[in-house]
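A short write-up of the structure that comes next.
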Amino acid sequence: MVGDKSWGSRIFSFTNGLLLAIVALVTVLPFIHVFASSFATAGELAAKKFLLVPTTFTFDAYKYIFSTSTLPRALFVSIFVTVVGTVWSMLISSLTAYGLSRKDLAGRNTLMFLFVFTMLFSGGMIPTFLVVQETGLLNSYLSLIVPVSINVFNMIILRTFFQGLPDGLEESGKIDGCNDFGILLRIVIPCSMPAIATISLFYAVTYWNTYMHAILYLSDAAKWPVQVLLRQIIVLASGLNYDSAVYTDTPPPSQSVKMAVIVVATLPVLVVYPFLQKHFAKGALLGSIKS
Amino acid sequence: MSNQLATNKGSLLRSIRKNKLIYLMIFPGLLYILIYKYIPMYGLIISFQNYKPYKGIMGSEWVGFEHFTRLFNSPDFWMIFSNTLILFGLQLLIYFPIPIILAIMLNELRNEIYKKTVQTLIYLPHFMSWVIVVSISFVIFTFDGGIINGMLESLGFSKINFLLSSDWFRPMYILQIIWREAGWGTIVFLAAIAAVDPQLYEAAKMDGASRFRQMISITLPSIKSVIIVLLILKIGDVLELGFEHVYLLLNSTNRHVAEIFDTYVYVSGILQGQFSYSTAVGFFKGFVGLILVLLANWLAKRYGEEGIY
Amino acid sequence: MVRVRSKSALALLVMFALLLTACGNSAGTETNKGSESKGETPASRTKISIMTPLHMAEVPDPKIEQLIEEKLNVDLDIQWIPASTYQDRMTAAFATGSLTDIVNISMTGANREAIKDGQFWDISSYINEYPNLKNLKQDVLNNTLVDGNLYALYQGRPLSRQGIIYRSDWAANLNLAAPETLDELYEMIKQFTESDPDKNNANDTIGLADRGDLTSGAFKTVASWNGVPNEWGMLDGKLAPAFMFPEYKETMDFFKKLRESGYMNTDFPVTSKTDQQNLIINGKAGVYIGCMCDVQQLYTGASQLNPDVQFDVHNKVVGKTGQFTVWSGPGYNHPYLFPKSAVKTEEELKTVLAFLNGLMDPEIANLLYWGIEGEHYSVVDGKAVPISDRGKLDREVIPYNTIEVGDPDTSGRLSGSYDYAPMARAQQLFTDNDNYVVQDPTLTLESQTFTQNKDRLAQLINDATYNYMLGESDEAAFNQAIERWKNEGGAQIIEEFNASYEMSK
């Protein structure tokens, strides 16, 4: 194409690529350190401050994490809560966001303000706990999903994307005889895949990281998601509670366990993300108006 | 355009009837915030009480605005307020543009594999807890044998005490935030850029626009609405600075620049079981956030943009 | 079109899944039992519920819980709560009236107010009816009194485990003996820095490694060796806080000098426990002042890098007073209290106390602490030797440690034996410390202002202490901080504690 192969363009590409390489390097180096440390022994960790390539190699940290008998069950709970939660939140957020994106909706600003207001003020842990209790969700997996059904921030972003769609889309849907639900399902959502992918990712990560609510609402330890387990391990490995509280005779697990926990906690996102990346390809709207 | 309600009642009813399915769509969301957000808000009442959990709200005594006056009269109030505003300003002016720039730069990459790799690598730090980030910073910046000081020494410069000085707190703070969040923050903008019609780029190229020009004149304006919405939301978050991060960085030498509302209330309220005081401070924070959101939204609309309500 | 159908199908699936989960759980709280079947529990067993912090990674195997239930004929409901969120759960339980029969809470702050408000049973008149409970150490019980009343039973802890851990091989290389005085301690730290103690012809060592914790790190211990009282002491006939004593300033000067001379890690106020221990483990530093129990961990790590490394522990370091004094904790860790909202009648209270009495039997105490004999530990020369499978111990025994009652002296439980000699020696020194401890006199005194402001005021003084030691501020500034402390509530606290003290005499 004209203009692509010019010198200006080449220099631009080169500088761009170089800068991004530096950025990528700076962000990934500490992660390499964490990854490498998860395979090192306590001695080596103490000796080398910023370990990048371990000379000692041991799976002990991972063995420690995976030796807990509750890990498989906790993982299952986390996956379940994440999948169900994300689908549910996307459903209700998309409905709300689309509804609020319609410019001719009477009372739209007031309704929006009602949502925005909840981002600024919160009743606090105990009143929310009481509501969760009153709605019968205590000790149920639903307590990890329903009380956080909509993240208003996410919903507003979805709304912004929906608002950005060309008006022609709605028209073409009406011509085909769709009602509003149909327009949403058949036209708007497929044309907004970048936004859908992004917000789904945001919700999924939040659900995957559920920790506080699990401890608060689930008194049955068998129902705890994997983050509770992982955090307990980290606290153990930092050895702080050994000052006063616990059985001081046996030492805490090695520092490498802390690092291994980060790797284990990050792995699922690393696995899922590539599937979402294809939605960030350009031209998702291509041809939609023409059809 | 902002929503202009028809002054004619008949036309209003017609509008509602036409959009009844839309209202149905919004209904579940409204129900949700009513039950799980608005009902618990009665808890804010304890800001005006001396709340004791074992007494409950009904049983605790009322003290009116006592907690608020205590907050405003505390000798450190203005220090805390200004610290919070300054850190917020840093976030807004320095951090906020970075994910946008990165997203645009990523968009300009031609090699798909390189692009996907960089995309994945830069969001990794988001998954490290602040505890780890701060402890890695310690390894890099510590005075005794830290990496940076080691380099300074070998180059003949004198060592700098980064961690125990009030001058370096703000730079460290913003640096750590950029490192941890910038990559993750690009995702939203990448999605926005992906939604831009490629035909616009084609047309610009045929007109002879350079890549840089295309970037400025097409990409940037097209994602303007997303940028503005995020900006307003960020402004509303003005007093929410991330408790854990600052708490980990606080020490005796930097307290006068690092103490923010959240850390202050942690020691003066939460640790000592003073729930009412903590809630009152939270109430104050929300109030300031509300005023700023109102302001920012009004400004946005005045310049012809969509606000968030 | 296909997309739409799959979306509706998905929505249906989701709703179905939600329905499943909604029906799958009963509304009430369930107990934390594992996946095995519990068998029939006779209806006549009394039910006892207890909330306790969980420090391990997971909830333990119910084996031991079931054994206890059998032996004491109770139906036990243990609610395990991850330690880091314990306070939040406790607050929620308070606010929603869902406390258990026995709660494991600290006696300070908001909890103390609740105690004074009468939320818990006063057990002073009941405790002597139980053969084991009445053997609990009176001194320790006295430390739990609120307004002179007894509300709590305790789980014992050694009064003081503080001491120094040092590289005995370095000391041997330099012909240094264990320091007996503060001057000798200073000298050792200095020599470890300057005199190449590891004999590698390089100037790469420092003496002391400390961390950013004035209480559990080196400061408070060295201060108490120098004669500073434990938080509060008698100054001119009245109770005054420790930082008003001249010996406190002397201690600050001690560390300031060490730091300025380069004999200790410069960034100690921001050094974490992990990094502090790493300095010792990788052979950079040679002296560690804190809990002598840490010697095991330090040795394990250090010996991986250097098999010839040698540590030793030592407790008696004397200051200018010539007498050895060391600060002590209250002697207990988790006090057990009994909420009136859960234990409704005196009858119930008695069954709960009987249960705790049962936990103090040697047989049960050993179960809770060491596990099942033969499976988790064996007895050698009257001491317990745990098996080497840490994982099994973590999963089946260790969490139960948090519901121990009393201490080895009073419950007859076995003490442990240790392969690593310095660790065994450390245990002996813990007991030795008992003879020299200095208590915090305000543990049993009352001051409303203190209860409401202690953290904030403590932060003021801690900041001033650090800034002085770092050379960021001088003595005048420190005195200013003391004045500020007084103005923001400190003066009132002094009055209140002294009034309370007079009343208690």
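Residue numbers (the working numbering), protein chains in the order written: chain H, 4 to 294; chain B, 4 to 312; chain V, 137 to 641. We put the CB at the ideal spot given by N, CA and C, even for glycine.
How would you write the range of the beta strand (DSSP E) that Lys374 (chain V) sits in, first residue to last?
374–377
Do three or more CB pairs link the region 79–86 of chain H to the region 47–67 of chain H at distances below 8 Å?
no
Tell me, please, which residues DSSP counts as bridged to Phe447 (chain V).
V:Arg303
Residues that Met192 (chain V) contacts on chain H, provided the C-beta gap is smaller than 8 Å:
Gln235, Leu239
Report yes or no: do the region 282–292 of chain V and the region 258–271 of chain V share at least 3 C-beta pairs separated by less than 8 Å?
Judged by Cβ distances under 8 Å, the region 282–292 of chain V makes contact with the region 258–271 of chain V, as three or more pairs qualify.
Buried or exposed for Ile89 (chain B), going by 16 or more other Cβ atoms inside 10 Å?
With fewer than 16 other Cβ atoms within 10 Å, it is exposed.
Within 9 Å of chain B by C-beta, residues of the region 100–124 of chain H in sequence order
When CB distances to chain B are screened at a threshold of 9 Å, the residues of the region 100–124 of chain H falling below it are Ala100, Tyr101, Gly102, Leu103, Arg105, Lys106, Asp107, Leu108, Ala109, Gly110, Arg111, Asn112, Thr113, Leu114, Met115, Phe116, Leu117, Phe118, Val119, Phe120, Thr121, Met122, Leu123, Phe124, in chain order.
Work out the CA separation of Ala359 (chain V) and Gly373 (chain V) for me, nearest whole Å.
21 Å
For the region 129–143 of chain H, which residues have a beta carbon sitting closer than 8 Å to at least one beta carbon of chain V?
Ile129, Phe132, Leu133, Gln136, Gly139, Leu141, Asn142, Ser143
Check this for me: beta carbons of Thr587 (chain V) and Gly245 (chain V), under 8 Å apart or not?
yes
For chain H, is any of its Cβ atoms less than 8 Å away from the one on Gly369 (chain V)?
no
Per DSSP, which residues does Lys519 (chain V) bridge with? Please list them.
V:Val516
Test: Asp237 (chain V) CB closer than 8 Å to a CB of chain B:
No, no contact with chain B.
How would you call Met213 (chain V), buried or exposed, if buried means at least 16 neighbouring beta carbons within 10 angstroms?
First, the amino acid is wrong: residue 213 (chain V) is Asp here, not Met. Result: buried.
Counting only Cβ pairs nearer than 7 Å, list the residues of chain V close to Val231 (chain H).
In chain order: Pro218.
Excluding the 5 residues flanking Met61 (chain B) on each side, which residues of the same chain have their C-beta closer than 8 Å to its C-beta?
none
Alpha carbon of Phe246 (chain B) to alpha carbon of Leu252 (chain B), nearest angstrom
10 Å
Mind checking the region 270–299 of chain B against chain V and listing, in chain order, the residues whose C-beta falls within less than 8 Å of any C-beta there?
Val270, Ser271, Leu274, Gln275, Gly276, Gln277, Phe278
What does DSSP give as the partner residue(s) for Leu212 (chain V) in the beta ladder?
V:Ile184
Please report the distance separating the alpha-carbon of Ser77 (chain B) from that of Leu47 (chain B).
21 Å
Could you check the C-alpha separation between Leu297 (chain B) and Phe390 (chain V) for me, to the nearest Å?
The alpha-carbon atoms of Leu297 (chain B) and Phe390 (chain V) are separated by roughly 56 Å.
What span of residues does the alpha helix (DSSP H) with Tyr602 (chain V) cover, start to end?
According to the DSSP assignment, Tyr602 (chain V) belongs to the alpha helix (DSSP H) that extends over 584–605.
Does DSSP put Met243 (chain V) in a helix, a strand or coil?
Of the three classes helix, strand and coil, the one that applies to Met243 (chain V) here is coil, per DSSP.
Could you list the residues in the region 241–257 of chain B with a C-beta less than 7 Å from some C-beta on chain V, going in chain order?
Asn254, Ser255, Thr256
Which partner residues of Trp65 (chain B) appear in the DSSP bridge assignment?
Residue pairing for Trp65 (chain B): DSSP places it in a beta bridge opposite B:Gln52.
Sort H:Asn182, H:Val134, H:Tyr206, H:Thr44 by Cα distance to Leu161 (chain H) and report the nearest one.
Leu161 (chain H) has its Cα closest to that of H:Tyr206, out of H:Asn182, H:Val134, H:Tyr206, H:Thr44.
With 8 Å set as the bound, which would you pick, yes or no: does the beta-carbon of Tyr65 (chain H) sit closer than that to a beta-carbon of chain B?
no
Just reading off the beta strand (DSSP E) that Val87 (chain H) is part of, what are its end residues?
First-last for Val87 (chain H): 74–104, but that is the alpha helix (DSSP H), not the beta strand (DSSP E).
Within 10 Å of its beta-carbon, does Phe328 (chain V) have 16 or more other beta-carbons around it, so buried, or fewer, so exposed?
Phe328 (chain V) is buried by the Cβ-count criterion.
Step through the CB atoms of chain H and report whether any lies within less than 8 Å of the CB of Ile19 (chain B).
yes
Give the straight-line distance between the Cα atoms of Leu204 (chain H) and Thr266 (chain B), rounded to the nearest whole angstrom.
As the crow flies, the alpha-carbon of Leu204 (chain H) is around 30 Å from that of Thr266 (chain B).
Between the Cα of Phe116 (chain H) and those of B:Ser169, B:Leu33, B:Ser220, spot the shortest distance and give me the residue it belongs to.
B:Leu33
6 Å CB neighbourhood of Val37 (chain H) in its chain, flanking five on each side removed:
Met262, Ile265
What is the DSSP secondary structure of Ile425 (chain V), reduced to helix, strand or coil?
strand
What number of angstroms, rounded off, separates the C-alpha of Glu624 (chain V) from the C-alpha of Asn254 (chain B)?
21 Å
With contact counted as at least three CB pairs below 8 Å, one residue from each stretch, are the region 219–231 of chain B and the region 149–163 of chain B in contact?
no
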